[in-house]
Amino acid sequence: MEEKKFDKNSLIGFLLIGGILIWMLYMNSDEQPDQETTNTEQVVDSTQTATDKSTKEITVTPAEINTASATDSVAVENLKNRLGSFAYSGTLASATDATTTIENDVLQLKVSNKGGYIVEAKLKDHTTYKGDHVTLIRDGNNDFNLQFTAENRLLNTRDLYFEPSVSKSGENNVLSMKLKTGPDAYVEYRYELTPGQYMLDFSLKSQGLDGVMDTSQPIYLNWNLKAFRQAKSISYENRYTRLTYEHDDEDFSKLDPTGEDDEVEKNVDWMNFRQHFFSSMLLTDTPFKEVTFTSQDLVEDEDIDTVYTKNYGAKMLIEPKGGALAENMNMYYGPTDYQIFNDYDRNLDEALPLGWGIFGMINKYIIIPLFGFLSGFLPAGIAIIVLTILIKLALSPVQYKQYLSQAKMKVLKPEIDEIKKKHEGNSMKIQQETMKLQNVAGASPLKGCLPAILQIPVFYALFTFFPMAFDLRQKGFLWAEDLSSYDTIYEFPPGFSIPFYGDHVSLFPILASIAIGAYMIMSAGQSMQAQQQPGMPNMKFLMYLSPLFMLVFFNNYASGLSLYYLVSNLITIGIMLVIKNYIIDEEKIHAQIQVKKKTPKKQNRFQRKMADMMEQAEEQKRAQKKKK
Numbered sequence: 001m002e003e004k005k006f007d008k009n010s011l012i013g014f015l016l017i018g019g020i021l022i023w024m025l026y027m028n029s030d031e032q033p034d035q036e037t038t039n040t041e042q043v044v045d046s047t048q049t050a051t052d053k054s055t056k057e058i059t060v061t062p063a064e065i066n067t068a069s070a071t072d073s074v075a076v077e078n079l080k081n082r083l084g085s086f087a088y089s090g091t092l093a094s095a096t097d098a099t100t101t102i103e104n105d106v107l108q109l110k111v112s113n114k115g116g117y118i119v120e121a122k123l124k125d126h127t128t129y130k131g132d133h134v135t136l137i138r139d140g141n142n143d144f145n146l147q148f149t150a151e152n153r154l155l156n157t158r159d160l161y162f163e164p165s166v167s168k169s170g171e172n173n174v175l176s177m178k179l180k181t182g183p184d185a186y187v188e189y190r191y192e193l194t195p196g197q198y199m200l201d202f203s204l205k206s207q208g209l210d211g212v213m214d215t216s217q218p219i220y221l222n223w224n225l226k227a228f229r230q231a232k233s234i235s236y237e238n239r240y241t242r243l244t245y246e247h248d249d250e251d252f253s254k255l256d257p258t259g260e261d262d263e264v265e266k267n268v269d270w271m272n273f274r275q276h277f278f279s280s281m282l283l284t285d286t287p288f289k290e291v292t293f294t295s296q297d298l299v300e301d302e303d304i305d306t307v308y309t310k311n312y313g314a315k316m317l318i319e320p321k322g323g324a325l326a327e328n329m330n331m332y333y334g335p336t337d338y339q340i341f342n343d344y345d346r347n348l349d350e351a352l353p354l355g356w357g358i359f360g361m362i363n364k365y366i367i368i369p370l371f372g373f374l375s376g377f378l379p380a381g382i383a384i385i386v387l388t389i390l391i392k393l394a395l396s397p398v399q400y401k402q403y404l405s406q407a408k409m410k411v412l413k414p415e416i417d418e419i420k421k422k423h424e425g426n427s428m429k430i431q432q433e434t435m436k437l438q439n440v441a442g443a444s445p446l447k448g449c450l451p452a453i454l455q456i457p458v459f460y461a462l463f464t465f466f467p468m469a470f471d472l473r474q475k476g477f478l479w480a481e482d483l484s485s486y487d488t489i490y491e492f493p494p495g496f497s498i499p500f501y502g503d504h505v506s507l508f509p510i511l512a513s514i515a516i517g518a519y520m521i522m523s524a525g526q527s528m529q530a531q532q533q534p535g536m537p538n539m540k541f542l543m544y545l546s547p548l549f550m551l552v553f554f555n556n557y558a559s560g561l562s563l564y565y566l567v568s569n570l571i572t573i574g575i576m577l578v579i580k581n582y583i584i585d586e587e588k589i590h591a592q593i594q595v596k597k598k599t600p601k602k603q604n605r606f607q608r609k610m611a612d613m614m615e616q617a618e619e620q621k622r623a624q625k626k627k628k
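Note that the UniProt record's numbering numbers the sequence shown so that position 228 is 228, with each residue one more than the last.
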């Protein structure tokens, strides 16, 4: 039998093989991406049905890029197999997560090599309620990604590395970010920032990628942004935080500010991810053929969800021109200010909720210019008071007509009571005789209501103006620290809140509600006359409802709006007292009415028609009684 001997050569061979296997496993572990965040080759999902089924979506980890950048031959070859021609960018010195800063005197932007997009947008002249600089983009809340097909691979630029290059164009600062496949073949993001401007030029183009980029497959530009909270009242800020956009040649739309909403639009010119007093916008010279918009409200509990307000998204279909990308666009990161928007002459003011139709026109052509003029040399609070005085003076002739009609109704009350007593139980006859008396006297409840209706457009325009008045932001007055937010004289203990009212007490709404209540009580004597007429609203109910509404619902609104209502009602009370005590003479009015009653007055066509209809109704009623 042959004796077995120990073979030293075999042992050495096994040890070498084991060492090689361990080395390979170690290297593979560095290259393997985290399975929770990305896959090596992910098959295109069902939403990308237009892409060829053989196309694979490629993502790359920093470990792969860093290793390839170190010119490791195995890693470089592996990267080429994964990215094809775009593996070239992974071997450049810029294949790191470094950022490049581009700024002017009002705006500072930081752009990352990875993805080539803005990772921080800071406004130098504006601060949050906590005193920090307003930063619309930071801490990964922004994602800007070009998705395209190249060599049967679906690539996302957010995962790839761009090469930065800073230059000057006159006084403008320029940053070029290039995703390269070679020295003269690349996808470029170009940012150009002008001094003093929140708007920057942004262009997207490709060069030398014929045969690499597949332009027959859909190309999408995806933009997602989570809006940071910037104001003291997150509920108030969130109410005016909304996605708006222009499409189909000056057609303006917006997504629902509550819950989740989405919409697919054609021919989109611009989009605004509005954050109440600040906006992040993307504009294009050539409308996007199709855009899918999404919006999600992130504030479900105001005590817990205190970092973000909305999650916005836009998926834009990009159309190549001549087989290459060539898109000229603009980006805007700055205040939601009507004056700034209007200067660009691109309908950006439509992104502000200033009211539709006549309400918006009053704001744009009267209130905004007037308040802008006043606030140019007066403190914001004083400017509101002066604005209110000017508006009330302008409307005083209309108010005079209203009070005059109410005075006439008050003078006619004894005679109307006699008519009711004389025709008791016959409501139709009472109404006929009352209308006849009012027609002769030139008085009517409708004449009293009409002036009030004429004032509604102004009141509603002001109601929409104050919440969006950027000039009020962080401007104090008396005890209010910020007229664009609520004032606070008392805060409830932590965790305690009154439904609809809030967790604090604001003084301006209390004073405004008292002023409204005083006006309603003082005018009740005359208003009740109108209430006696059939079909008129219950004035006693409105008298109590208006102050209560102001007290409860305006507790979380801008204190500037409550200041306006306070001053407006105080002025209204003053005007009413002057008209009542020094202008309107009830005895004189009574004498004039008696003279008119003796003078036959011809009814107009409408009055004759109404009288005939009432006569016919009365005859039908008598005929029905006879049949019974």
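Glycine included, C-beta positions come from ideal geometry on N, C-alpha and C. Everything numeric in this text was worked out from a predicted model, so none of it was measured.
Cβ-based neighbour list, Phe463, same chain, cut-off 8 angstroms, excluding 5 preceding and 5 following: Leu561
Residue from Ser497, Phe466 and Trp270 with nearest C-alpha to Glu250: Trp270
For Ser203, the first and last residue of its enclosing beta strand (DSSP E): Met199 to Gln207
4-residue-minimum alpha helix (DSSP H) runs that sit fully inside the segment 137 to 178, ordered along the chain: none
Cβ contact check for the segment 203 to 214 and the segment 339 to 353: 3 or more pairs under 8 angstroms: no
Whole-angstrom distance between Lys410 and Met528, CA atom to CA atom: Low confidence applies to Met528: its pLDDT is 48, below 50, so where it sits in the model is not reliable enough to give any reading.
Proximity of Thr241 and Asp262 at Cβ, strictly below 8 angstroms: no
Outcome for Tyr486 when other beta-carbon atoms lying within 10 angstroms are tallied against a minimum of 16: buried
Whole-angstrom distance between Tyr582 and Ser497, CA atom to CA atom: 48 angstroms
Cut-off 7 angstroms between Cβ atoms - residues of its own chain near Asn555, not counting five sequence neighbours on either side: Tyr486, Tyr501, Gly502, Ser506 and Pro509
Contacting residues, own chain, Cβ-Cβ under 6 angstroms from Asn272 (five flanking each side not counted): Thr244, Ser279, Met281 and Ala351
For Leu395, the three-state DSSP class (helix, strand or coil): helix
CB contact flag (Leu136, Gln275, <8 angstroms): yes
Under 8 angstroms between C-beta atoms of Glu237 and Thr309: yes
Whether Pro467 touches Ala558 by CB criterion (8 angstroms): yes
Helix, strand or coil at Leu354 [DSSP, three-state]: coil
Residues near Asp214 in its chain [Cβ-Cβ closer than 7 angstroms; skip 5 each side]: Thr149 and Ala150
Identity of the residues DSSP links to residue 673 by a beta bridge: Look at the range of the chain in this structure, 1 to 628, and you will see that residue 673 is not part of it.
Those residues which DSSP pairs with Phe278 across a bridge: Gln275 and Pro335
Reduced DSSP category for residue 669 - H, G, I as helix; E, B as strand; rest coil: Lying before the first or after the last residue shown, residue 669 is absent from the chain, which here runs from 1 to 628.
Ser29 in three-state terms, based on DSSP: A caution first: Ser29 carries a pLDDT of 37, below 50, which makes its placement in the model unreliable, though a value can still be read off. DSSP places Ser29 in helix when its eight states are reduced to three.
Sequence-distant residues of the same chain with beta carbon closer than 8 angstroms to Ile573, five excluded per side: Ala515, Ala518, Tyr519 and Met522
Inter-stretch contact (C-beta, 8 angstroms, three-pair minimum) for the segment 311 to 320 and the segment 215 to 224: yes
Where Val299 sits in the DSSP three-state scheme: coil
Val111, DSSP secondary structure in three states: strand
DSSP state of Lys475 mapped onto helix, strand, coil: coil
Range covered by the beta strand (DSSP E) that runs through Val212: Element bounds for Val212: n/a, residue is neither H nor E.
Secondary structure of Phe293, DSSP reduced to three states: strand
DSSP beta-bridge partners of Ala480: Phe477
Cross-strand partners of Phe359 (DSSP beta bridge): Partner(s): none; Phe359 has no beta bridge.
Buried or exposed (CB count within 10 angstroms, at least 16 for buried), Thr181: buried
Which of helix, strand or coil DSSP assigns to Asp345: coil
In DSSP terms, what Asp105 is bridged to: Beta-bridge pairing links Asp105 to no other residue.
Through-space distance from Leu378 to Glu171, alpha-carbon basis: 34 angstroms
Contact belief for Tyr565 with Ala512 at Cβ below 8 angstroms, rounded distance in angstroms: 4 angstroms
Among Leu387, Gly360 and Ile362, nearest to Phe373 - alpha-carbon criterion: Leu387
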